[in-house]
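Residue numbers (the working numbering), protein chains in the order written: chain R, 1 to 341; chain Y, 1001 to 1444.
Where is the CB? At the ideal position from N, CA and C, for every residue including glycine.
Shown next, in structure tokens, is the structure this report addresses.
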Amino acid sequence: MLKVDDLHVWYELKRFGLGHAGYVRAVDGVSFELNAGEAMACVGESGCGKSSLMKTILRLNKPTKGTIDFKGINVGELDGLDLRDYRSKVGFIQQDPFGALAPFMTIQQILEEPLIINGFTNAAERQSKIETIMEEVKLTPVEEILPKFPHMLSGGQQQRVVIARAMILEPDLLVADEPVSMLDASVRVEILKLLRNLQEKHNLAVIYITHDLSTVRYFSEYIFVMYAGQIVEFAPIKSLLENPTHPYTQALLEASGDPDAKNALEYKEIPPGEPPSLVNPPSGCRFHPRCKFAIKGKCDVDMPKPMPVVDGSNMAITGNKHVAACWLVEEEWKERAGLTN
Amino acid sequence: MIRWSEIRQYPSAIVGLAIIFGFILLALYAVITIPYSEALERWRGGEAVVENNPRNARPTWVNWFNQENLPPTLILDSRELPETAISYTTISDDIEEKVITMSFDYEYASFVPELTFFIEADFIEKQPFVEIFWVTPNGEEIRAGEVTPGGQEIYRPTQDDRVMRRVEANSAEVGFFLDPSLAEPTPQKGTYQVRLVGLIFEEESDFEAKLVMYGAVHGIAGTDHLRRDISVALLWGTPIAMAFGLVAALVITAANMIIAATSVWYGGWVDSAIQRVTDVNLILPGLPLLILIGTLYSRSIWVILGMVIALNIFGGGVKTYRSIFLQTRELPYIEAAQAYGAGSRRIIFRYLIPRVIPLVIPALVTSVPAFVFTEATLALLGLGDPVLPTWGKVIENARSQGALFNGYYYWMLEPAVLMMLVGVGFSLVGFALDRIFNPKLREI
């Protein structure tokens, strides 16, 4: 349904507002495919290009290069009414529920806005849609909540309003940008379960963006890990959690804390240094300056291509689409080939 | 958005609201009781309109602060006298004598500033001949003049040498009232009598007389050098000042906001263009431009209002609001609105501007008096509206007539106090609103 192919999103840097001073390569050659009814998680640290990717899929940004194909429509080329039409088919759930709701509008107005904009002129029809969706996201009692302002609701209720607003136009694709990271731990699971239910009920495709690996397993079938604007590893969720292949994924998993008392005392090894500049990314593999397995003369020269990952002891290419962009994978394949020879 | 209980916490805001409400009532009162055309008529002045008004009279309320009262205007009119006060005697075939006897009580400690007879004669060929006798309370009779009225005659005894030779004073106004028993010149108190003895030489001819003793006090606001009642200008100045201030403040604030939001939302060359226009506009010398327009084109208050607005559309507000919108633009709910398809215009008017309104309302309220003062400033520079009565015009007249040197403090102070009250009223409300809308200020 959604097919992203070699997507580049570059922001131009200007010198004194006029001269060209290079590009910020926020997204640099990302490709993936998403089918209806599938949920895909996108993880990575701050500044890795997750948000730019998301905004480009929502068509808040224009792609610099590459295509986004949504049911045969080239999203990058959309304009005017076609663009509005496309946007009505993509729901957007934001991170900060309070910020995502206009503070001067009542819940009624907030939920009505997308309908008014997208040409629902019949007030009674709008009202029934609002009530249906509020029941669905469990914002009850409806009549009591509708005239309230966002600040009168709890964080969880606010996020339900955000979800209701994203769902009210009956989209095919939902983009959820860290939907639970600002919420109390106690309501996170509730919200994730709600999203999961909605996804299954409406056969939605979902892109779930997060930096929190611990919530991913509740939600998605597939996961990809982004680093410095590129996908470094793509896998079914179980495969990635059990068999992280890219050194960056490993570091990320290492860092994500499961609530366990022993973690408080343990020292965790994290990659040294900071994420690279996106204006002048490192040559070769973008992770190599921080990677403890980096191979001199190889990792810092050539950019690795995504390669199928060796699945445990299994010789064959794994049937579950697990790929990683790392020279170590190739090394391992060679090693295996050598052993069998 | 704002509750009465919040405002009630600021007594200053209550005072401010009361002042504003008072001005609104005053404006309504002015517009209802004095129709526009009548206000213009009374402000234009001219003998017919202000015949009975004294010149440079103080307001009546100065008597509250004096031990002895100043006289108000006294008018005696033969047309309003009872029939017993008028007698006709036939002297010969052609000649008839008409005697008009007017009497009045005078209980004031100071002299009448000005005294004028208006004698209106109706004849075909031969004018009537009228003699005036002035009888003081102690019975002394002064020949106060002989007049042969040709139509409408204005007779001022002070300007008549023959009368002046008969009285022992510099002016008839003093001479007619002087108490001879006292060393200090003091008016006699008691009942005076004025007798007009007229000889009529034609069957159909007749005459009527009116004596106006102009007062030293007049009305609630006094009069100016052209005998105009200042209260007309003060009353009608209220709706004009309120309209000028409110319209200017509202239009300019709204325009500034819309322009700033457009500038921020579209960004790029639109932003650059709007900001450069604003920069240029900010360095334009506003007052000289207004003087230029006033001198060369029109001094109508509405033209000036239009110019004030035009000069401020790209004013400093655009810069202020732009900085606020730059923050607002980045808020997640704007991004969400885009994501569900809101167009640029909807985002500007439904999402950006409402967010900023709480910050703007206090500034708007506080800026109203600034525009009221602008009108007065322009009037003081001689660019006031030539026909409309405004507070600024009153101040300008007072200044050009040297009101303060001549002791006519009321003339300058009345409009000044009204303007100060406008300033205080709107500022008090504005400050309170600022504290209500922007609670961070409460601690300061």
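According to the DSSP secondary-structure assignment, Q1193 of chain Y is paired through a beta bridge with Y:S1103 and Y:V1135. Any Cβ of chain R closer than 8 Å to the Cβ of L1311 of chain Y would place that residue at the interface, and such an atom is absent. Listed along chain Y are Y1340 and G1341, each with a C-beta nearer than 8 Å to that of P114 of chain R.
One finds P1332 in chain Y with Cβ atoms closer than 9 Å to the Cβ of D96 of chain R, taken in chain order. Looking only at R:P179, R:G91 and R:V27, the smallest Cα-Cα distance to P63 of chain R is reached by R:V27. Contact of P1354 of chain Y with chain R by beta-carbon distance below 7 Å involves F104. Straight across, the Cα-Cα distance linking A337 of chain R with C299 of chain R is about 21 Å. In this structure the region 1189-1196 of chain Y lies against the region 1098-1116 of chain Y, because at least three pairs of beta carbons, one per stretch, are closer than 8 Å. Taking I1019 of chain Y as the centre and dropping the five residues before and after it, the same chain places the C-beta of L1421, V1424 and G1425 closer than 7 Å to its C-beta, in chain order.
Interface residue (Cβ-Cβ distance to chain Y less than 8 Å): I191 of chain R is not classified as such. Under the three-state reduction of DSSP, F1065 of chain Y is assigned to helix.
When C-beta distances to chain Y are compared with 8 Å, every residue of the region 63-77 of chain R stays at or above that value.
Close to chain R, meaning a Cβ-Cβ distance shorter than 7 Å, is no residue of the region 1318-1330 of chain Y at all. In the same chain as L240 of chain R, and ignoring 5 residues on each side of it, the C-beta atoms closer than 6 Å to its own belong to I223, in chain order. In the structure shown, the three-state DSSP call for G91 of chain R is strand. When the Cα atoms are used, H1218 of chain Y and T1060 of chain Y turn out to be separated by approximately 5 Å. Around S1300 of chain Y, the same chain offers D1385 as residues with beta carbons nearer than 7 Å, after the five sequence neighbours per side are excluded. Remark: three or more beta-carbon pairs, one from each stretch, lie closer than 8 Å, so the region 1205-1219 of chain Y and the region 1113-1120 of chain Y are flagged as touching. Using a Cβ distance threshold of 8 Å, M40 of chain R and V187 of chain R do not count as a contacting pair. Counted as a single uninterrupted DSSP element, the beta strand (DSSP E) harbouring K3 of chain R occupies residues L2 to R15. About 6 Å separates the CB atoms of G156 of chain R and L183 of chain R; that is less than 8 Å, so the two are in contact. Per DSSP, M1419 of chain Y is one residue of the alpha helix (DSSP H) stretching across Y1409 to F1437. Membership of T1328 of chain Y in any beta strand (DSSP E) is not indicated; the residue belongs instead to the alpha helix (DSSP H) covering G1316 to R1329. The beta carbon of D177 of chain R sits closer than 6 Å to the beta carbons of M54, Q94, Q95 and I209 from its chain, once the five residues preceding and following it are set aside; these are given in chain order. For Q158 of chain R, there is no enclosing beta strand (DSSP E); the enclosing alpha helix (DSSP H) covers residues G155 to M167.
Take the alpha-carbon of G76 of chain R and the one of L7 of chain R: they are about 10 Å apart.
Of all residues in the region 32-53 of chain R, none places a beta-carbon less than 8 Å from a beta-carbon of chain Y. In the three-state scheme derived from DSSP, where H, G and I count as helix and E and B as strand, Q1152 of chain Y is classed as strand.
DSSP places H20 of chain R in no alpha helix (DSSP H) but in the uninterrupted beta strand (DSSP E) bounded by G19 to L34.
Within 9 Å of the CB of G156 of chain R, no CB atom of chain Y is found; the nearest one sits about 17 Å away. Going by DSSP, E112 of chain R is part of the alpha helix (DSSP H) stretching over I107 to I117. Look at V175 of chain R here: in three-state DSSP terms it is strand.
Contact annotation, Y1410 of chain Y with G1245 of chain Y: C-beta distance approximately 24 Å; criterion of less than 8 Å not satisfied. Nearest in C-alpha terms to G99 of chain R, of all of R:L153, R:E144, R:P147 and R:N122, is R:L153. Taking the CA atoms as reference points, G1286 of chain Y sits about 14 Å from V1303 of chain Y. Annotated three-state conformation of K62 of chain R is coil, per DSSP.
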